[in-house]
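So the structure is just underneath, and the comments pick up after that.
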Amino acid sequence: MRNNMKRLMKTTIAALALFGAAAFASTPAQAAGDTPKPPKQSWSFSGMFGTFDRAAAQRGLQVYREVCSGCHSLRLVHFRQLAGIGYKEDQIKAIAAEVDVQDGPNDEGEMFERKGLPADRFPSPFENDKAAAAANNGKAPPDLSLMTKARFNGPDYLHALITGFAEAPSGVEVPDGGNYNTYFPGHIIAMAPPLADDGVEYQDGTKATVGQMAKDVTTFLSWAAEPELEERKSMGIKVLLFLIFFTGLLFAVKRKIWEDVH
Amino acid sequence: MSNKQMHPLIQWIDYRLPIFSFMEHELHEYPTPKNLNYWWNFGSLAGIVLVIMLVTGIVLAMHYTAHVDYAFDSVERIMRDVNYGWLMRYIHMNGGSMFFIVVYIHMFRGLYYGSYQAPRELLWILGVFILLAMMATAFMGYVLPWGQMSFWGATVITNLFSAIPWVGDSIVTLLWGGFSVDNPTLNRFFSLHYLMPFVIVGLVFVHLWALHMHKSNNPLGIDAKTDQDCIPFHPYYTVKDMFGLGVFLIFFAYFVFFAPNFFGEPDNYIPANPLQTPPHIVPEWYFLPYYAILRAFTADFFLYSYTPIAWIMTAKLAGVISMFASILLLLLMPWLDGSKVKSSKFRPVYRMFFWIFFIDCIVLGVVGGKPPEGMWIYIGQATTTYYFIHLLIVVPIVSRLERPKTPPESISAAVTQQAEG
Numbered sequence: 032m033r034n035n036m037k038r039l040m041k042t043t044i045a046a047l048a049l050f051g052a053a054a055f056a057s058t059p060a061q062a063a064g065d066t067p068k069p070p071k072q073s074w075s076f077s078g079m080f081g082t083f084d085r086a087a088a089q090r091g092l093q094v095y096r097e098v099c100s101g102c103h104s105l106r107l108v109h110f111r112q113l114a115g116i117g118y119k120e121d122q123i124k125a126i127a128a129e130v131d132v133q134d135g136p137n138d139e140g141e142m143f144e145r146k147g148l149p150a151d152r153f154p155s156p157f158e159n160d161k162a163a164a165a166a167n168n169g170k171a172p173p174d175l176s177l178m179t180k181a182r183f184n185g186p187d188y189l190h191a192l193i194t195g196f197a198e199a200p201s202g203v204e205v206p207d208g209g210n211y212n213t214y215f216p217g218h219i220i221a222m223a224p225p226l227a228d229d230g231v232e233y234q235d236g237t238k239a240t241v242g243q244m245a246k247d248v249t250t251f252l253s254w255a256a257e258p259e260l261e262e263r264k265s266m267g268i269k270v271l272l273f274l275i276f277f278t279g280l281l282f283a284v285k286r287k288i289w290e291d292v293h
Numbered sequence: 005m006s007n008k009q010m011h012p013l014i015q016w017i018d019y020r021l022p023i024f025s026f027m028e029h030e031l032h033e034y035p036t037p038k039n040l041n042y043w044w045n046f047g048s049l050a051g052i053v054l055v056i057m058l059v060t061g062i063v064l065a066m067h068y069t070a071h072v073d074y075a076f077d078s079v080e081r082i083m084r085d086v087n088y089g090w091l092m093r094y095i096h097m098n099g100g101s102m103f104f105i106v107v108y109i110h111m112f113r114g115l116y117y118g119s120y121q122a123p124r125e126l127l128w129i130l131g132v133f134i135l136l137a138m139m140a141t142a143f144m145g146y147v148l149p150w151g152q153m154s155f156w157g158a159t160v161i162t163n164l165f166s167a168i169p170w171v172g173d174s175i176v177t178l179l180w181g182g183f184s185v186d187n188p189t190l191n192r193f194f195s196l197h198y199l200m201p202f203v204i205v206g207l208v209f210v211h212l213w214a215l216h217m218h219k220s221n222n223p224l225g226i227d228a229k230t231d232q233d234c235i236p237f238h239p240y241y242t243v244k245d246m247f248g249l250g251v252f253l254i255f256f257a258y259f260v261f262f263a264p265n266f267f268g269e270p271d272n273y274i275p276a277n278p279l280q281t282p283p284h285i286v287p288e289w290y291f292l293p294y295y296a297i298l299r300a301f302t303a304d305f306f307l308y309s310y311t312p313i314a315w316i317m318t319a320k321l322a323g324v325i326s327m328f329a330s331i332l333l334l335l336l337m338p339w340l341d342g343s344k345v346k347s348s349k350f351r352p353v354y355r356m357f358f359w360i361f362f363i364d365c366i367v368l369g370v371v372g373g374k375p376p377e378g379m380w381i382y383i384g385q386a387t388t389t390y391y392f393i394h395l396l397i398v399v400p401i402v403s404r405l406e407r408p409k410t411p412p413e414s415i416s417a418a419v420t421q422q423a424e425g
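As given, the protein sequences belong to chains A and B, one line each in that order.
Sequential numbering from 32 applies to the first sequence in this note's numbering.
Sequential numbering from 5 applies to the second sequence in this note's numbering.
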């Protein structure tokens, strides 16, 4: 009986080990699939002490406003939040004032146009999703407020995507209104390559290469998706330091109290 | 602390409502086996996580809007504009995962040391009910941010009930409050998500009541017989639980502050869109093993097609029933396990099978997260089969055939022995 049981056990363990090995072996094949993994970039905001590179984020804002905002909204971000990437109050007022906002109804019941205020959100390029879809071959360009959180390895993916346009390999047919992109799932993306060298004239004199702009706009959009990141990480360090200290203390107290228990 | 030492006011109250003697008796004197190891920390941890979830949840509910047009944006408002809203939300979001980590460890502890055995059967059964209530709460909570995974997860899971013959479709309509997952669904899920935690609190209270009746099991699985075997709960276990809590909070805080979306799905940061199905609909990690069991039942799964099950029900229904059975069977553990000895410490053969079962559950979880194609289908079906073989065949047979080692006479004898040897 004992022997039988042992044999049964061994067989079961072997079977499970096999399954386990199979599981691990087939993982890379699954993950790789058709679309390559976006290359890992180094970001100022990654890591436990990461903060947003202010200059990069501000250049990224310029790229967003001059390039992306033609099609993509940023509907969850308010101008006032730009203080988070280093803008002063008067700068924010000036940036907000560059857009016209519909407000109202006023006391006469009329809607009216006014200059944007820091309390306003970034204006969307289209009236609504239907209008956005109608102007873009039937599919609305996605909102960018949460883009880096809404994709696996968001910042790396976004950077890879906007720099990942290429000639379609032979045999791949690109339909009208489509573009070939190495990193887009399925490869055919409606968005045309958005960036070209010197497409933007940076106010701080940085050379606007495609790679530079991609990094900058990704930094900006990562901030837009997680404006709390810096506060969160700096609080986290304090919380962890306190907890580690306090837990060490508790361990000492525990040892002391349990000393006499046999 | 005797009555004499009490403050006169406390005495006055205690004479009329013996709440202070009760606390003294249940939290201070409460005799506890002195040999509990750190696996016994997870019960109190679970209780603390429940409180954390209640507190953060109540705050979040003050700022959340349960309407399909506003839910997603109201969560983002909490993240961006509410003071420390991001903290509340990330604690709550990760707290759900922490709750399941802690409770799963707590349950495997119970399984390993035979804590479900007489006279603690009801204690165990109440624990399984708590797990079920937690699952319902977590599922409905995940729907509230109204992202893509919220919406499609809700659609897939509620649709399961349509497999029930005759009344299935009506049940689904009732759950939805309409003919698709929509505003009424979101509203009732919010309402129930707020209600269920208090049901859990009630169940936890009864769980503790049953615990205090026969006290904690212990790693040796033998009853505490004399005063020598026990120590008062306070200060010994209060300080040990506090230390464990510290270690746990370090782990918890790491995720909240440095990897808050580690357990989540990126798709849930895309607003729900009923017209666009995400490529892979996956539930939260703590549901993955059950999801794997559910999906294992395809028309050609031998456990289905070669058994009489295929004559009486569809594969889908068999999957749904198996998924629920995988948890409900745990209710029978006290009777499936026929061993006279509780702790796996003295049951080497059973112990092996315990670990195989543990690995099986992990593999089920991995399978649940993969798309149902190729090799994964077979791995899922094999591990699903083994899950039920373990509970229905291995446990009853091994527990009755194995001749366990003899446990020590008493807890204190074992502890002294250890100290000498």
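Glycine is no exception: its CB is placed at the ideal position from the N, C-alpha and C atoms.
Going by DSSP, Lys285(A) is part of the alpha helix (DSSP H) stretching over Leu260 to Trp289. Using a CB distance cut-off of 9 Å, Val243(B) counts as an interface residue toward chain A. Sequence-distant Cβ neighbours of Ile204(B) in its own chain, meaning closer than 8 Å and more than five residues away, are Leu54, Ile134, Ala137, Met138 and Thr141. In terms of beta-carbon proximity, Met79(A) lines the interface with chain B, with at least one pair separated by less than 9 Å.
Counted as a single uninterrupted DSSP element, the beta strand (DSSP E) harbouring Arg145(A) occupies residues Phe143 to Lys146.
Excluding sequence positions up to five before and after Phe155(B), its CB lies within less than 7 Å of the CB of Val185, Ala276 and Pro278, all in the same chain and listed in chain order. Within the stretch 68-156 of chain A, the complete alpha helix (DSSP H) segments at least 4 residues long are 85-97 and 120-128, listed from N- to C-terminus.
Trp43(B) is positioned such that its CB atom lies no closer than 9 Å to that of Ile105(B). Legend: CB atoms of the stretch 160-182 of chain A lying less than 7 Å from CB atoms of chain B belong to residues Leu177, Lys180, Ala181 and Arg182. For secondary structure counted as the beta strand (DSSP E) over 3 or more consecutive residues, the stretch 142-182 of chain B holds no complete run. Collapsing the DSSP output to three states places Tyr116(B) in a helix. DSSP lists no beta-bridge partner residue for Cys365(B).
Separation of Val147(B) and Val79(B) (C-alpha to C-alpha, rounded to the nearest whole angstrom) is 12 Å.
By the C-beta density criterion, Phe247(B) is buried, having at least 16 other C-beta atoms within 10 angstroms.
Identification of chain A residues near Asp271(B) by a Cβ-Cβ cut-off of 8 Å yields Ala181, ordered along the chain. For Lys409(B), the CB contacts under 6 Å within the same chain, skipping 5 residues up- and downstream, are Phe350 in chain order.
The straight-line gap separating the alpha-carbon atoms of Leu190(B) and Val63(B) is approximately 19 Å.
Between Trp128(B) and Ala75(B), the beta carbon gap of about 37 Å keeps them out of contact (Cβ cut-off 8 Å). DSSP lists Gly151(B) as the bridge partner or partners of Pro275(B). Distance check between Leu126(B) and each of Pro188(B), Thr318(B) and Pro338(B) places Pro338(B) closest, using alpha-carbon atoms only.
When 7 Å is used as the limit between beta carbons, Ile288(A) is near these residues of chain B: Pro239, Tyr240 and Val243, in chain order. In the displayed model, Ile415(B) falls within a helix according to three-state DSSP. The beta carbons of Pro172(A) and His103(A) sit closer together than 9 Å. Within the same chain, and ignoring the five residues on either side of Gly384(B) in sequence, the residues whose Cβ sits closer than 6 Å to its Cβ are Ala296, Ala300 and Val371. In this structure, DSSP gives Phe196(A) an extended state, which the three-state scheme calls strand. Partner residues in the beta bridge of Pro37(B), as assigned by DSSP, are Cys234(B). Taking one beta carbon from each stretch, the stretch 341-358 of chain B and the stretch 393-412 of chain B have 3 or more pairs nearer than 8 Å; the two touch. Spatial neighbours of Pro264(B) in its own chain (CB-CB distance under 6 Å, excluding positions within 5 residues in sequence) are listed in chain order as Tyr94.
Ranked by Cα distance from Ala70(B), the first of Thr420(B), Ser220(B) and His197(B) is His197(B).
With respect to the 9 Å criterion, Glu259(A) and Trp90(B) are classified as neighbours on the basis of their beta carbons. For Gln15(B), the enclosing alpha helix (DSSP H) covers residues Pro12 to Arg20. Here Asn210(A) carries a strand assignment [DSSP, helix/strand/coil].
Contacts with chain B (Cβ-Cβ distance below 7 Å) from the stretch 264-283 of chain A involve Lys264, Met266, Gly267, Val270, Leu271, Leu274, Ile275, Phe277, Thr278, Leu281 and Phe282, listed in chain order.
If you check each beta-carbon in the stretch 230-241 of chain A against every beta-carbon of chain B, none falls closer than 9 Å. Using a Cβ-Cβ distance cut-off of 8 Å, the stretch 242-261 of chain A and the stretch 88-107 of chain A are in contact, since at least three pairs of beta carbons, one from each stretch, lie closer than that value. Excluding the 5 residues flanking it on each side, Lys170(A) has same chain C-beta neighbours closer than 7 Å at Ala164 and Ala221, in chain order.
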